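Undergrad: Questions regarding the structure given below will be posed in turn.
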Amino acid sequence: MSYAGDVSPREAYEAVTGPEDALLVDVRTHAEWTYVGVPDLGVAGRAAAFVEWSHYPGGTRNDGFVDEVRALGLDPGRPVYLLCRSGVRSRAAAEALTAAGLGPAYNVADGFEGQHDAAQHRTVGGWKNSGLPWRQG
2 MSYAGDVSPR EAYEAVTGPE DALLVDVRTH AEWTYVGVPD LGVAGRAAAF VEWSHYPGGT
62 RNDGFVDEVR ALGLDPGRPV YLLCRSGVRS RAAAEALTAA GLGPAYNVAD GFEGQHDAAQ
122 HRTVGGWKNS GLPWRQG
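Numbering of the sequence shown is given in the numbering used here, commencing with residue 2 and proceeding in unit increments.
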């Protein structure tokens, strides 16, 4: 594995609101943040960071991703948890940060919205469906 590993949304929440100085980076698009919602770490006096992995609507990769995350104060040794819709883009982001010598970088499995149910709705797992704090973007 070329990153620190996969964690559940609850494990990520506990890490980014706990005593270590872990950073949560939501790598979805601006449109997703606005229309789907965002993680809310306010109860812990913290905030998630938002850096697009790929740009909407074309889906082109954000070539400045690593530099933008580094500018947020991510130094080698500081844990970072990456979150997208379902855990695919965030895995790629965790790999990129690890390759750049940052992290440990963790992928939040199932992402913000989780996986599809039998009716193809995103109601299975994910940050939002796990009862973790979130707000409309």
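A virtual CB, placed ideally from N, CA and C, is assigned to each residue, including glycine. Only a predicted model underlies this, so the values are computations on that prediction, with no experimental measurement involved.
What whole-angstrom Cβ distance do LEU103 and ARG11 have, given they're in contact under 8 Å?
TA: Taking the first residue of the sequence shown as 1, we reach residue 103 at position 102. Taking the first residue of the sequence shown as 1, we reach residue 11 at position 10. Not quite, the Cβ-Cβ distance comes to about 24 Å (not below 8 Å), so this is no contact.
Undergrad: Out of ALA94, ALA13, ASP7 and GLY19, state which residue places its alpha-carbon closest to the alpha-carbon of GLU65.
TA: The residue you call residue 65 lines up with position 64 of the sequence shown. One detail in the question is off: residue 65 reads as Gly in this sequence, not Glu. Comparing Cα-Cα distances from GLY65 to each of ALA94, ALA13, ASP7 and GLY19, the minimum goes to ALA94.
Undergrad: Residues in the same chain with beta-carbon distance under 7 Å from ARG136, minus the five sequence neighbours each way, listed in chain order, please.
TA: Here residue 136 refers to the residue found at position 135 when the sequence shown is read from its first residue. Only GLY38, VAL39 and ASP41 meet the Cβ criterion.
Undergrad: Exposed or buried, which one is ASP27 when buried takes at least 16 other CB atoms within 10 Å?
TA: Numbered from 1 along the sequence shown, position 26 holds the residue referred to as residue 27. The residue in question, ASP27, is buried, as its Cβ has 16 or more Cβ neighbours within 10 Å.
Undergrad: If you count every other CB in all the chains shown that lies within 10 Å of the CB of ASP111, and 16 or more means buried, which is it?
TA: Position 110 of the sequence shown, counted from the first residue, corresponds to residue 111. Counting Cβ neighbours within 10 Å, ASP111 comes out buried, since at least 16 surround it.
Undergrad: Where DSSP assigns a beta bridge to VAL26, which residues make up the other side?
TA: Taking the first residue of the sequence shown as position 1, residue 26 is located at position 25. For VAL26, which the question treats as bridged, DSSP gives the partners ALA50 and LEU83.
Undergrad: Can you tell me whether SER1 is buried or exposed? The criterion is at least 16 other CB atoms within 10 Å of its CB, across all chains shown.
TA: For the chain, the structure presents residues 2 to 138; residue 1 sits outside this window and is missing.
Undergrad: Where does VAL81 land, buried or exposed, given buried means 16+ other C-beta within 10 angstroms?
TA: Translated into the one-based positions of the sequence shown, residue 81 becomes position 80. Per the 10 Å Cβ criterion, buried.
Undergrad: Under the DSSP definition of a beta bridge, which residues are partnered with SER55?
TA: Here residue 55 refers to the residue found at position 54 when the sequence shown is read from its first residue. DSSP output for SER55 lists ARG62 as bridge partner(s).
Undergrad: What residue ranges within the segment 98-133 form continuous beta strand (DSSP E) runs of no fewer than 3 residues, ordered along the chain?
TA: Runs of the beta strand (DSSP E) inside the segment 98-133: 104-109 and 123-125.
Undergrad: Would LEU73 be called buried (16 or more neighbouring beta carbons within 10 Å of its own) or exposed?
TA: Counted from its first residue, the sequence shown places residue 73 at position 72. The residue in question, LEU73, is exposed, as its Cβ has fewer than 16 Cβ neighbours within 10 Å.
Undergrad: Based on DSSP bridge pairs, tell me the residues matched to VAL8.
TA: The sequence position of residue 8 within the sequence shown is 7, counting from 1. In the DSSP output, where bridge partners are listed per residue, VAL8 has VAL109.
Undergrad: I'd like to check one pair, SER91 with VAL98: are the Cβ atoms closer than 8 Å?
TA: Walking along the sequence shown from the start, residue 98 turns up at place 97. Walking along the sequence shown from the start, residue 91 turns up at place 90. Per the sequence shown, residue 98 should be read as Leu rather than Val. No, Cβ-Cβ distance for LEU98 and SER91 is not below 8 Å.
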